[in-house]
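Participant:
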Amino acid sequence: MTLSKTEFLPALVKKCLISIIFSLTMMPLITKADENTLVVQYAPGEIMQLIAPVTEPEKRALRDRYFEQNAETARKHGYRQEGVLLVDETLSGDFSPNVFVISRWPSLIAQKAFQALPSFLGVKALRREAWEALRLYDHELPDVLSLEFSQDKAYTIAFAWANPSSPGDYAEYLASLPLLLDKVGGRLIHNIEGDRIKCA
Numbered sequence: 000m001t002l003s004k005t006e007f008l009p010a011l012v013k014k015c016l017i018s019i020i021f022s023l024t025m026m027p028l029i030t031k032a033d034e035n036t037l038v039v040q041y042a043p044g045e046i047m048q049l050i051a052p053v054t055e056p057e058k059r060a061l062r063d064r065y066f067e068q069n070a071e072t073a074r075k076h077g078y079r080q081e082g083v084l085l086v087d088e089t090l091s092g093d094f095s096p097n098v099f100v101i102s103r104w105p106s107l108i109a110q111k112a113f114q115a116l117p118s119f120l121g122v123k124a125l126r127r128e129a130w131e132a133l134r135l136y137d138h139e140l141p142d143v144l145s146l147e148f149s150q151d152k153a154y155t156i157a158f159a160w161a162n163p164s165s166p167g168d169y170a171e172y173l174a175s176l177p178l179l180l181d182k183v184g185g186r187l188i189h190n191i192e193g194d195r196i197k198c199a
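Anchor point for the sequence shown: position 118 equals 117 in numbering that gives the first Met the number 0, and the numbering is continuous, going up by one each time.
#1: Between the segment 147-155 and the segment 33-49, are three or more C-beta pairs nearer than 8 Å?
#2: Using beta-carbon positions only, say whether H76 and F113 come within less than 8 Å of one another.
#3: Which residues in the same chain as L140 place their Cβ atom closer than 8 Å to its Cβ, once the five residues preceding and following it in sequence are excluded?
#4: My output table needs one value for D87: the three-state DSSP class, helix, strand or coil.
#5: Determine whether the beta carbon atoms of V100 and I50 lie at a separation below 8 Å.
#6: In or out: V143 buried (at least 16 other Cβ within 10 Å) or exposed?
#7: Could you check whether R103 and E71 sit closer than 8 Å to each other, using their CB atoms as the reference points?
#8: I believe P52 touches P96 by the beta-carbon criterion, under 8 Å. Please report the beta-carbon distance rounded to the nearest angstrom.
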């Protein structure tokens with residue numbers, strides 16, 4: 000997963016043989032009126048979880064029920080929502096979430112303890128009903144990570160995987176990003192490899 004800040008995303012994949020699962024441009028949703036920056040900081044061992052839902056207005060009641068039944072239990076296990084990125088446009092791919100929810104678990108152990116609860120099967124069943132599609136991306140942080148999102152900037156998240164027949168092309172793609180982004184006034188914020196991806 001590559002997170003970059005751009006006003007316009009150029010054609011990133013030219014000769015590199017990588018597959019872009021999807022690429023999105025988005026703006027941060029800042030909930031406090033007196034702030035225009037969202038800062039998220041993770042400690043080593045924490046789980047950064049990005050939640051990408053596709054919502055339908057007519058399923059709002061189901062989603063409300065889901066949160067009523069599960070939010071407090073998740074919080075007791077250490078889950079915390081940090082912020083939301085509103086998706087403006089899907090640039091590539093056929094998955095078009097409405098938002099990206101930036102969240103965290105204190106550890107993989109805490110997350111698995113929540114998922115091991117007897118009620119979790121019901122949680123998953125209701126989740127499938129309440130959203131048209133839902134993908135969760137988990138990454139265990141080996142080091143301290145600080146991300147800052149400004150309300151006056153546009154951001155791009157791209158999910159990609161390497162072509163096994165040309166594994167070196169992914170490294171070439173990553174190496175080319177800073178120059179490509181610099182041409183349009185952007186920069187690479189963070190690159191994550193080896194996410195655990197779950198679809199609900």
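Where a beta carbon is used, it is the ideal one built from N, C-alpha and C, also for glycine.
Facilitator: On the basis of the coordinates in this document:
#1: Yes: at least three Cβ pairs fall under 8 Å.
#2: It is a contact, given that the beta carbons lie within the stated cut-off.
#3: Within the same chain, L140 has close Cβ partners Y41, A42, P43, G44, E45, I46 and M47.
#4: Reduced to three states, the DSSP call for D87 is strand.
#5: Cβ distance < 8 Å, so V100 and I50 count as in contact.
#6: Label assigned to V143: exposed.
#7: Contact: no.
#8: Confirmed, Cβ separation roughly 6 Å.
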